[in-house]
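For reference, the structure discussed in these notes is given below.
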Amino acid sequence: MEIHPPSAPAPVSDPSSVPAGSLLRGLNPEQYEAVTLPHVPALILAGAGSGKTRVLTTRIAWLLQTGQMSPGGVMAVTFTNKAAKEMLTRLSAMLPVNVRGMWIGTFHGLCNRFLRAHWKVAGLPQAFQILDSSDQLSAVKRVIKGMNLDEERFVPKQVSWFIAGAKEDGKRPGDVAIHDGQTQKLVEIYQAYEDQCQREGVVDFAELMLRTYELMRDNAPLREHYQRRFGHILVDEFQDTNRLQYAWLKMFAGPQCSVLAVGDDDQSIYAFRGAQVGNMADFEREFRVQHIIKLERNYRSCGNILDAANHLIGHNSRRLGKNLRTEAGPGEPVRVQESASDYSEAQWILEEAQQLHRQGMARREIAILYRSNAQSRVIESALFNAGIPYRVYGGLRFFERAEVKHALAYLRLIENCNDDTSYLRVVNFPTRGIGARTLEQLQDAARSSGRSLWQSVGAVGGKGGGNLVAFNQLIDSMRNETRGLTLREIIEVMLQRSGLVDFYRTEKEGADRIENLEELVNAAEAFVTQEGFGKDAVALPVDELAPGSMAEGLPRAVAAVDLKPDAETGEIMSPLAAFLTHAALEAGDNQAQAGQDAIQLMTVHSAKGLEFDAVFITGLEEGLFPHENSANEPDGLEEERRLMYVAITRARQRLYLSFSQTRMLHGQTRYHIKSRFFDELPETALKWLTPRTQGFGSGFARDYQAAWQRGSGLQSMVGAGQQPYRTPAPPPPMPTRSPTEVGGQRFKAGMSVFHTKFGEGVIVTLEGSGTEARAQVNFGRHGPKWLALSVAKLTIVE
Numbered sequence: 001m002e003i004h005p006p007s008a009p010a011p012v013s014d015p016s017s018v019p020a021g022s023l024l025r026g027l028n029p030e031q032y033e034a035v036t037l038p039h040v041p042a043l044i045l046a047g048a049g050s051g052k053t054r055v056l057t058t059r060i061a062w063l064l065q066t067g068q069m070s071p072g073g074v075m076a077v078t079f080t081n082k083a084a085k086e087m088l089t090r091l092s093a094m095l096p097v098n099v100r101g102m103w104i105g106t107f108h109g110l111c112n113r114f115l116r117a118h119w120k121v122a123g124l125p126q127a128f129q130i131l132d133s134s135d136q137l138s139a140v141k142r143v144i145k146g147m148n149l150d151e152e153r154f155v156p157k158q159v160s161w162f163i164a165g166a167k168e169d170g171k172r173p174g175d176v177a178i179h180d181g182q183t184q185k186l187v188e189i190y191q192a193y194e195d196q197c198q199r200e201g202v203v204d205f206a207e208l209m210l211r212t213y214e215l216m217r218d219n220a221p222l223r224e225h226y227q228r229r230f231g232h233i234l235v236d237e238f239q240d241t242n243r244l245q246y247a248w249l250k251m252f253a254g255p256q257c258s259v260l261a262v263g264d265d266d267q268s269i270y271a272f273r274g275a276q277v278g279n280m281a282d283f284e285r286e287f288r289v290q291h292i293i294k295l296e297r298n299y300r301s302c303g304n305i306l307d308a309a310n311h312l313i314g315h316n317s318r319r320l321g322k323n324l325r326t327e328a329g330p331g332e333p334v335r336v337q338e339s340a341s342d343y344s345e346a347q348w349i350l351e352e353a354q355q356l357h358r359q360g361m362a363r364r365e366i367a368i369l370y371r372s373n374a375q376s377r378v379i380e381s382a383l384f385n386a387g388i389p390y391r392v393y394g395g396l397r398f399f400e401r402a403e404v405k406h407a408l409a410y411l412r413l414i415e416n417c418n419d420d421t422s423y424l425r426v427v428n429f430p431t432r433g434i435g436a437r438t439l440e441q442l443q444d445a446a447r448s449s450g451r452s453l454w455q456s457v458g459a460v461g462g463k464g465g466g467n468l469v470a471f472n473q474l475i476d477s478m479r480n481e482t483r484g485l486t487l488r489e490i491i492e493v494m495l496q497r498s499g500l501v502d503f504y505r506t507e508k509e510g511a512d513r514i515e516n517l518e519e520l521v522n523a524a525e526a527f528v529t530q531e532g533f534g535k536d537a538v539a540l541p542v543d544e545l546a547p548g549s550m551a552e553g554l555p556r557a558v559a560a561v562d563l564k565p566d567a568e569t570g571e572i573m574s575p576l577a578a579f580l581t582h583a584a585l586e587a588g589d590n591q592a593q594a595g596q597d598a599i600q601l602m603t604v605h606s607a608k609g610l611e612f613d614a615v616f617i618t619g620l621e622e623g624l625f626p627h628e629n630s631a632n633e634p635d636g637l638e639e640e641r642r643l644m645y646v647a648i649t650r651a652r653q654r655l656y657l658s659f660s661q662t663r664m665l666h667g668q669t670r671y672h673i674k675s676r677f678f679d680e681l682p683e684t685a686l687k688w689l690t691p692r693t694q695g696f697g698s699g700f701a702r703d704y705q706a707a708w709q710r711g712s713g714l715q716s717m718v719g720a721g722q723q724p725y726r727t728p729a730p731p732p733p734m735p736t737r738s739p740t741e742v743g744g745q746r747f748k749a750g751m752s753v754f755h756t757k758f759g760e761g762v763i764v765t766l767e768g769s770g771t772e773a774r775a776q777v778n779f780g781r782h783g784p785k786w787l788a789l790s791v792a793k794l795t796i797v798e
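Note that full-length UniProt numbering has the sequence shown beginning at 1, numbered continuously upward.
Below, the structure is given as structure tokens:
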């Protein structure tokens, strides 16, 4: 049956003449045009802060009020339950209508509603259950165990991603192309998992989408029913749809359906989740879209912030194109800060945030954004030490993250093998064949004997008992292997020997977890320095460091500074024990309570959809933002630029951009150059708080590189035919400071110098003059150090 929708009232020529009380009152011309579109497919390019939610809800309300559609004839799809609830709340306030009859919700929510209504034809029990991600993982594990497969070869999480990925591509087991024996076995697991879910009457999230799509595709009467029913379909955040979601949409959209796709290709940042920014161009072509409306008037940010965003995103070649503008005036300039290190960067952010708060800005309106989760640790430490409440949005504080807690548990067992809590946490993580029954027997034996779990292992027999013994031997071997090592070295050994790094390499998004584990090394290094232990302090347990009890043959002598009394208890502590105490205190203290005014910390991905009065974007260095992995990925750099665009457009009044010359990454000090994004920002919108970096001639660059290599200290660390313990850091960015004369010697960046304690090094940068002059010198093995030139007595190496 052909649909002939009622004609819409003729829109007025001037939106400002809309009478008071009208739904359309207060819309700008572009919003008004989008709301009053005729009954045809259309694409709305909605820039950040342009009022797209208002357009969507007003469009629905206008269709209902003008009689063009009944409540049951509208479908609106969002990506979050929060967005769906907000839309329903606004509609209830705009019209006296029962919103329950409308199909407004997330893709998965609407699929659940559809399958509940058609459970029988979908081949499901009426009361089918939905598996969350942890339930799905458990189901996959049962399948792998039932097929007598090795979990080390077929890692359950990887199998789960394989199944989810196949479903999101619309593929059942028989549709997956088989190229090798591994894929063949994965397909067999997929089929067995499907059979198990069908027997148990359960579906996972990907199944909700796929089964709805297949039912609509294969059942013509059902498809025609819904295509007649929904005369209007509205899709929010269209740039984030994947292949299956777009195919699903086409099943519900009949030939007479008016599909309104609202999105922003400049904010497409979820390619790693399967989002296809190309769906917007496909929609324009396949639905023969004649109406493309750009919502470019921004109601959030001041002009300088928008100028920065527009200039940056203009460097992307594959975009539909728009230009944000505002009537709020230029506002404050975008402030740019260069710091010597990530620690000084964090301190600067802290001081600037405190100043904003003193000026009357609520802490909750201050956001600190970073590209990688691991970057939060240094910032958290600065806030923690200053006693400033903060909240990590969309994630956990550094020392509360699961992978960090696993690593700390291993360290606690090295320090004290009788720590039952730590023992239970990692005895079977990564998996080593120790099941719940074995652990129950172990705990029973420990309770009956009054001993620790570690001491009770011998009471458990069978294969499980043997695996417990193997775990104890692993901890023993780690303790022996780390005798005489520094805290940093102990953590590096533990990360490799425990299997944590290898385990997280198998995870789909394990790179972030590995970065957090590497950041734990940085945290330990910083702690040792801050607490005055000394860089080479041996970090053995206390009983092994007691006077007269040291084992012979330790690679380093143990200085008195290696043992310290705790400031509160007076307990003598080794660097390892002190660090573990510090981690426990920082994990549990200064956490913002619900409703408390606190600074917001988050990744840029987590910030999408949010806005703040003041935003700090940190770590703007090549290799970090844009991320080094982007160079090897199709569209990688353009997605990084879109991510930066999202970060910039979170700010309402103040925007700060910061980068540092040195940063601890992956357990090493790295020397960085500022992000290329700075070259893509308009100078007129920026205010540099520190001097701009200037280049030097190629001859100077060659001398600088050579001096850096001489200062790396590799020859003194490595014997003939041996590999260095650590790879040398790359040369730092070209220095910018002028030569400085102290004590009759003229120092300049790039110059080789000798220090009586640290040996030969190279000057990285210079600051101050006279008695206030100081230099940052890289001493290779001893790392970079700031030295007062009037005290250090450096000798220039010719």
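Even glycine gets a Cβ: it sits at the ideal position worked out from N, Cα and C.
Please state whether DSSP places residue i in a helix, a strand or coil.
i	result
S46	In the sequence as displayed, the identity of residue 46 is Ala instead of Ser. The answer is strand: DSSP assigns A46 an E or B state.
I292	strand
V176	coil
W119	coil
A340	strand
H627	strand
T529	helix
A749	coil
residue 804	Missing from the structure shown is residue 804; the chain here goes from 1 to 798 and no further.
R437	helix
V202	strand
P730	Only weak support is given to the placement of P730: the predicted model assigns it a pLDDT of 41, under 50, and the value that follows is read from those uncertain coordinates. DSSP places P730 in coil when its eight states are reduced to three.
L312	helix
L320	coil
G697	The predicted position of G697 is uncertain, since its pLDDT is 34 and thus under 50; a value taken from the coordinates is nonetheless stated next. DSSP places G697 in coil when its eight states are reduced to three.
E633	coil
G387	coil
V762	strand
I475	helix
E403	helix
T795	strand
How is the beta strand (DSSP E) around residue i delimited, first residue to last?
i	result
H755	S752 to H755
Y390	Y390 to V392
Q375	It is not in any beta strand (DSSP E) - Q375 carries neither H nor E in the DSSP assignment.
T740	T740 to V742
G105	W103 to T106
Tell me residue i's beta-bridge partners as DSSP assigns them.
i	result
K687	R335
R774	E767 and A788
A614	I366 and R654
M602	L369
F659	E338
Y671	T662
S258	H232
Y129	Sequence check: residue 129 is Gln here, not Tyr. Answer by DSSP bridge pairing, in chain order: V202.
G263	L45
What span of residues does the alpha helix (DSSP H) with residue i cover, start to end?
i	result
V493	L487 to S498
A328	Taken as a continuous stretch (DSSP letters only), A328 belongs to no alpha helix (DSSP H), as it is neither H nor E.
T482	Segment: none, T482 is in no alpha helix (DSSP H) and carries neither H nor E.
F162	P156 to E168
N279	N279 to E286
Return the Cβ separation of residue i and residue j in integer angstroms, given the expectation that the two are a contact with Cβ distance under 8 Å.
i	j	result
L324	N310	6 Å
Spell out whether any CB of chain B is found under 9 Å from the CB atom of residue i.
i	result
G314	Of the chains in the structure shown, none is chain B; there is only one protein chain.
Requested in this report: Please confirm if the segment 271-284 is in contact with the segment 238-247, defined as three or more CB-CB distances below 8 Å between the two stretches.
Outcome: yes
Query raised in the report: Any contact of the segment 190-197 with the segment 135-154, i.e. 3+ C-beta pairs under 8 Å?
Result: yes
Query raised in the report: Do three or more CB pairs link the segment 628-635 to the segment 419-427 at distances below 8 Å?
Result: no
Query - Cβ contact check for the segment 226-235 and the segment 178-190: 3 or more pairs under 8 Å - result: no
Report task. Say whether the segment 480-498 touches the segment 520-528, bearing in mind that this needs 3 or more beta-carbon pairs closer than 8 Å, one atom from each stretch. Result -> yes
Requested in this report: Please determine if the segment 152-167 and the segment 114-128 are in contact, where contact requires at least 3 C-beta pairs separated by less than 8 Å.
Outcome: no
Query raised in the report: Looking at C-beta atoms only, is the number of pairs between the segment 611-619 and the segment 573-581 that lie closer than 8 Å three or more?
Result: no
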